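> Attaching a single structure in structure tokens format; questions to follow.
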Amino acid sequence: MNELESEVFAKLRQRLNLAHVDPASVSSATPLFDGGLEFDSIDVLEVSAMVQKDYGITVAVAERSSEVFGTLGTLAAFVEKNRSRDAKR
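For the record, in the sequence shown the residue sitting at position 61 is 1190 according to this note's numbering, with numbers rising by one throughout.
Encoded structure:
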């Protein structure tokens, strides 16, 4: 994992009570849903709120897809790509 992915995972771990998940078992390719961290639709809302609060990025309903929430890497890439987008608003 790169630095941002590690940071995002640490925030997810705390926000979603994932203390049982060993960080060494997580990579940028770890799925957030099936076969990975086992997110559900409520978790997506929680993570969307976390991204807005911690990074200042509003996650639009249309962005709540597997493109963004597929893996830890895709979520971190979304944060990286959009940090400046919402700061300009």
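Heads up, the beta-carbon is just placed ideally off N, CA and C, and yes, glycines get one too.
Quick caveat, the model's predicted, so the values are computed rather than measured.
Where in the stretch 1158-1211 do unbroken runs of the alpha helix (DSSP H), each at least 4 residues long, occur, reported from the N-terminal end onward?
Qualifying alpha helix (DSSP H) stretches, in chain order: 1170-1184, 1195-1198.
> Could you check the C-alpha separation between SER1213 and ALA1191 for me, to the nearest Å?
So the two alpha carbons sit approximately 19 Å from each other.
> DSSP state of VAL1137, grouped into three classes?
Three-state DSSP puts VAL1137 in a helix.
> Do we get a CB-CB distance below 8 Å when we pair ARG1193 with the residues of chain E?
The chain inventory of the structure shown lacks chain E, comprising one protein chain alone.
> Closer than 7 Å by C-beta to GLY1202: which residues in its own chain qualify, once you throw out the five before and the five after it? Chain order, please.
Excluding positions up to five away in sequence, the list reads GLU1134, SER1157, ALA1158.
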